Structures are given as C-alpha cells and as structure tokens.
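Sequences listed follow chains A and B, in order. The first sequence begins at 30 in my numbering and counts up one residue at a time. The second sequence begins at 1387 in my numbering and counts up one residue at a time. C-beta atoms are modelled at their ideal positions from N, C-alpha and C, and glycine is treated no differently. In this text, all values refer to a predicted model and were calculated from it rather than measured experimentally.
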Amino acid sequence: MTRSTLSRRGFLKRGANVVAASVAASAVPGMVAAMGNVTVGFIYVGPRQDFGWNQSHWDAAQKIAAMDGITVVEQENVPETAEVEKVIQSMIELDGAKVIFGTSFGYWDSLKAMAEKYPDVLFTHIGAIWKEGDPTNVIGYRGYTEEAHYLCGIAAGRMSDTRKIGFIGSKPLYFIYNNANGFMLGARSVAPETTMNVVITGDWNNPVKEAETTNALIDQGCDVIIANVDSPKVAIETAEARGVYTCGYHSDLSSLAPNGFLTGAEWNWASGAEFVRAFVEDDPYPNLKRGGFREDMVALSPFGEAVPQEVRDEVMAAKQGFIDNSLQLYAGPIADNQGNVIVPEGEVRNNDDVPFKLGIDWFVEGTIG
Amino acid sequence: MEGTELGWWGVLIAVIGGAIRVSTPYLFVSLGETLTEKSGRVNLGLEGVLVMGAMSGYATAVLTGQPWLGVLVAGCAGALLSLVHALVCSLPRVNDIAVGIALFIFGTGLAFFLGKPFINPSAPRLPDLDLGWWSDSPHIQSALQISPLFLFGFALALFLAWALKNTRWGLVLRTVGDSSEAAQALGYNITLVRIAGTVAGGFLAGVGGSYLSLYFPGTWNEGLSSGQGLMAVALVIFARWDPVRCFYASLLFGGATALGPALQSAGVTANYYLYGAAPYFLTLAVLIYSASPRKALEGAPGEVSISR
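In structure tokens form, the structure reads like this:
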C-alpha cells in the first residue's frame, strides 16, 4: 500500500524531472544533456550551520547545487541509527535522489545496506573505509587534513611569541593524531623550539569543556589555539576574547575572530562532485579515494588580517609543495614525544602512505600530551 | 624545573578561574531547585528549563542585540515552563518526578526545535567585571574576569539563606514543604505556595541557562548543556537544601569540571577520561552518600517525595 503511494509521488516527481531536464537540455546542450537532471541528497548528523563538521558538508552541498542540472535535497540532525535508512529511502523514493552523501561516520552500515537495496543509486561516505566485497555503488572518500594543519602550523610557528601552541582534540583517533602532528611539524619547520600542548576532551561536542580547555591552554602560555572538535566556534571565540591567535578547522571560520584568526584547515568535500558526474555518465569511479592538496580534497581558509605578507607567502609555498608532491609531511628524522625514532633520518613516508597514517597513535617530538 | 612550577601555578589558576566560570549555571539551578523543594516538590525538569533558557536568551540577544534582555527573557521562559510543571503537579495524585522527567525531555526538545536558526549567528556576550586589576599577570586578570551574574548568584544565595530563615514568606514556604497538614491548619493555600516556589525556581534555572549561552561558553548549540541541570538537582541534596552550601557545592563542581582540561594542558595526560568524569563521579558519590536507608536526610523538607 505504502509502496504504491510512494511510487505515485515518485512518478510525478520523475515526470517533472523529465520535463525540467528537457527544458534545461534544450537551453544548454552537451554536458547537461548527458547528465539529465540529477537529484543529490545530503544527510547531516547535526545542524548544517554549525561552524564546523556539518557546515563543511553544507559548503559542498551548495557548490554541488550550483552545478548545472543538479538539484540538492538535504536533511539535518539525522542520528546514526536506523533513522538514516528511512531518510535515505524517502530521498530516493519521494525526491528521486540518484546520489546520497552520507556525511557522518556512523552512517556506514546503513549506507551499505541501502546500497544493496538500491543498486542504481550512488552512495558516498566520509570514512574512506570501503573494502573489497562492499557494494560497488558506495564510495568512501576523505581528505588529508593533516596537510592543511601543517600549513596552519607554519603560520602558528611564525606568529607565536611564547613558542607554545595549543591543540584541542575530541577523541584519540588516528586523524586527530595526524592533524596534531601536522600542526606541530609545520610549526617546527619554521620555529624548531616550539612546543605544543595537546588536550583531548573526549567528546565530539562539549562547549563548556572546550571553552575551559581553551582557557587552561592559554593559562599555560599557549598563544595559538586550534580545536579539532565538531564545532570549533566556542574555542575560537574564547581565544579571540582572550586576545590570542586561532586557526580554524572544518570550514571557513575567519568571521568568528576578526583580530586573531590566522588561517584554517578545511575539507573540500565538493571534490565528490566528480563521483556524481562519473556515476551519471557511466564513467568508472574509484570506490576509495584519499588525497590532500594534490588531489584538491582539502583547502586552506583565507588568511586573517594579522598574518603578514611574508608569512602568507611562506604558507602558500608549502601548499605548492604539497600540490607538486615536493613536500612530504612525514620526512625523517621524526621521533615521537617519548623519544622513539619513528622515521629515521633520510627516510620519507609519502603523503599517500595511508597504512602508515592510519596506524599513527603517537605525537611528534615537542608535544606535551 | 621552573617551567614545571609555572605549569602547576597555571593549573591552580585554571581550576580557580574554571570554578568561577563553570559554577554559575549550577548555582542558579540549585538555588531554584532549593526553592522548589523547600515548597515540597521536586522539579527534575530543570535540565529542560536550563536548555530552554539558554536558547531563548541567546535568541533574544541575537534578535535585539541586548544580552541583558536575553537574561530576562530566559528567566521568563524558564518560569513559564516550570508553571506547566507546577500546574500539572497540582492535580491530585500526580507524581512530580514523572512530570519532571517529561518536562526535561519536552524542554530540551522544544529548545532544539526553536533554536535551530540561532546555531549559526553570534550573539553579543554579557559584559564582565575586571576584578584582577591589582595583578600584573594576565592569567590572573583573566581568571578574575567575573560575570556580574556570578556575583548576583552569590548575593542571591546569601539573601535566600537569610530570607528562608527570617521572613514570613520563608517560613510559609518551609511550612508548606515540611508539613502540608500544619500549613493547611494555619490556613495557607498549599497549591498556590507550591506553584510560586516552582515558578520562582524555574525563573532562576532559566537565568542559569542564559549564562551558558550568553557568557560562558557563550554559544548556542544542542550539546551546550552536558547535564548541568540534572547535576544541580543532585547538588541540592549534597548541599542539604541550604542556599549558601549550594554556592560552595557549585564551586566544587565547577572546579571538578575544570580540573581535567587544566591537568591535561599542563602535561598530565594519563587517565584523562577519569578526570573528565570527575563531576559525574562526584554526583554519584554524593547520591550514594546521601542515600542512607537508616536515617532521613537532615534538612530535607518533609513533603519532598525523595525523603518521604
């Protein structure tokens, strides 16, 4: 019964799509004709305007929505439960979605289940944990944000007066370690005597603890703060009020700290647009994709006013190094903060050495935490 | 080891500063709950009231640019929400604990629903008082930047302690809370007094919520309260229904929250989940300590369902 109602609405929708597509196709032949009118669904775990993780996906949704022949439908605050499957079903059945962007890690099992149910729909997931045997209409992709943190670290190392920088992490996970290491290696590349205090809050989202942690780090003398939490808004505003520098994470946060903002590490989830195009045009696409600046999968926030031109040039030069692969993040000698040598002098771990990066559970030398 | 010494001073400053910064919502909610429980009812919904207060205060400040107006609106929203609790509990044979839990879920849900458009915009913050002018250290100066709301809460605690003992309405409130039969014999309208006690408590909890969203941490999102409203209810038991002890207990809970981040930033990183759990551990310990099967709680209002 329900099924037939859904189909009728879906039929009407699709009928409208055909009309719209033919109108669009007559206006702009070529690519649009090939793509038709594609509906793309974005599912967020929280509010999309959170100055953080969800906003980085919303940025992508807006960019993808601006492409010709693409309509975006969105749903916010979808918990990582069976709820997400209902949302996906309604996006496919009612809105005619052909591509679903599941933007939270815990959607993984639901995405796989729905991918088997709807083999003609493409699903993307942000964990990049697809493996052989998983449905082929699922793509996992994720950027190397540690490269963007390295660039933030260069700015932090140049701007810090106390030679102490602070890193707030949510959970002790591999990408948080990588980001912290990137931030520190960047800072040490320009100011080798820099130390970094790391605080793990244990929560993705706990504003009171994040604000308190920011204050505690500043009390310890840190004068550049970066927060790897769901929404760094609180940490950045607290640090701004206390007159220290900040770097952003996830999306562009420069408007939160007009005085102290240096730059920020951003995702570029809009790079997933290529999957949409490949899927619709029946071109091959990868099931697993990781990349940094070279693959255009991460981005750097605009510089804050506090950053002088020579520091900007230095940061942009390093970014170019990542793009043409002349700069490797984990280039020896690298030791952890317990004194163990991880990468000996003369050895280099390539930026795309994913197994190495996934195994990181240590902080580089000079890190207190 | 000069650096280490500086580090430990930093921890101390961060904990003291943190105790002051974090304690205010606990203080307001626990003072409000004290008033409510003194009248003979338990309002477990104050967590929902706190979140609702945080949201409405933030929204008002965003829309009008007036943070103090936000505090007032937050209090009124809290009073209104608690009025629901008060009226429902005035019906015969209604369990105030169950209504409180319903109100808790309703209040947070409503706040999340109405608060969605206000997650992104930044609201003007409440101003603070600079009490650290005498010190050269910027860290001490910053630790002693104190919100007027904190001082107001402290004054309110003293005033409530005095008023409950020494004024006519204080006596009426306590009589109603200790023995409804006695109050009835004296000719007081029990229902009315309890409604007043619950509404006043809700107002204070709402104000506590506005401190969260408008001062510290000074933002609105759905993870803003990590159970401060519920913990404050436990804190009232710990403080034995005494407003001044509520003040001390709030500082203790605030300091416990600040301890984890302060230790970690000084390089003490072992067991940080344990430090992070300190406030919750404290709540549990308080409840275990106060849950004696042998004796009734000293200072507990006789009509409150947890001590009956």
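For residue 1610/B, the neighbours in chain A by C-beta distance under 7 Å run, in chain order, 236. Proximity of chain B to residue 67/A at the Cβ level (cut-off 9 Å) is not reached, the minimal Cβ distance being about 28 Å. Between residue 1408/B and chain A, the shortest Cβ-Cβ separation is below 8 Å. Bounds of any beta strand (DSSP E) do not take in residue 155/A, whose DSSP letter is neither H nor E. Under the Cβ criterion of 8 Å, residue 1539/B is not counted among the residues facing chain A. Unbroken alpha helix (DSSP H) runs of no fewer than 4 residues, entirely contained in the stretch 216-292 of chain A, are found at 236-248, 262-270, following chain order. Excluding its 5 nearest sequence neighbours in each direction, residue 1665/B has C-beta neighbours in its own chain below 8 Å: 1617, 1639, 1642, 1643, listed in chain order. Contact annotation: the stretch 217-224 of chain A does not touch the stretch 136-150 of chain A, with fewer than three C-beta pairs closer than 8 Å. If you ignore the 5 residues before and after residue 1431/B, its C-beta comes within less than 8 Å of the C-beta of 1467, 1468, 1471, 1485, 1486, 1487, 1488, 1489, 1490, 1492, 1493, all in its own chain and listed in chain order.
In chain order, 1403, 1518 place their CB closer than 8 Å to the CB of residue 1528/B, counting only its own chain and leaving out the 5 sequence neighbours on each side.
For residue 1652/B, the C-beta contacts it makes with chain A under 7 Å involve 249, in order along the chain. Taking the Cα positions, residue 185/A is about 15 Å away from residue 283/A. Fewer than three beta-carbon pairs drawn from the stretch 1472-1481 of chain B and the stretch 1455-1462 of chain B are found closer than 8 Å, and the two stretches are therefore not classed as touching.
The Cβ neighbour count for residue 1537/B, taken over all protein chains shown within 10 Å, is under 16; the residue is labelled exposed.
Taking 8 Å as the threshold, the shortest C-beta distance from residue 271/A to chain B falls below it. Taking 8 Å as the cut-off, the Cβ atoms of residue 1449/B and residue 1633/B do not count as close. Secondary structure of residue 1408/B (DSSP, three-state): helix.
In terms of Cβ geometry, residue 127/A and residue 68/A form a close pair [threshold 8 Å].
Between residue 210/A and residue 392/A, the beta carbon gap of about 6 Å places them in contact (Cβ cut-off 8 Å).
Residue 1602/B reaches chain A at 240, counting residues in chain order whose Cβ is nearer than 7 Å. Using a Cβ-Cβ cut-off of 8 Å, residue 307/A is close to nothing in chain B; its nearest Cβ partner there is about 33 Å away.
According to the DSSP assignment, residue 172/A belongs to the beta strand (DSSP E) that extends over 167-172. Of the candidates 1400/B, 1611/B, 1509/B, 1526/B, 1611/B places its Cα closest to the Cα of residue 1495/B. Distance between residue 1597/B and residue 1437/B, taken at the CA atoms: about 11 Å.
Of the other Cβ atoms in all chains shown, 16 or more fall within 10 Å of the Cβ of residue 257/A; this residue is therefore buried. Taking CB atoms only, residue 231/A has a neighbour in chain B less than 8 Å away.
With a cut-off of 8 Å on Cβ pairs, the stretch 199-208 of chain A is not in contact with the stretch 341-350 of chain A, counting fewer than three such pairs. The three-state reading of DSSP puts residue 382/A in coil, since its state is none of H, G, I, E or B.
The alpha carbon of residue 1497/B has as its nearest neighbour, out of 1478/B, 1443/B, 1544/B, the alpha carbon of 1443/B.
For residue 189/A against residue 232/A, the beta-carbon gap comes to about 27 Å, at or over 8 Å, which does not count as contact.
Collapsing the DSSP output to three states places residue 109/A in coil. For residue 1505/B, the neighbours in chain A by C-beta distance under 7 Å run, in chain order, 76, 78, 79. The beta carbon of residue 228/A falls within 8 Å of a beta carbon belonging to chain B, placing the residue at that interface. Residue 69/A carries a strand assignment under DSSP once its states are collapsed to helix, strand and coil. Within chain B, the residues placing a beta-carbon under 7 Å from that of residue 397/A are 1653, ordered along the chain.
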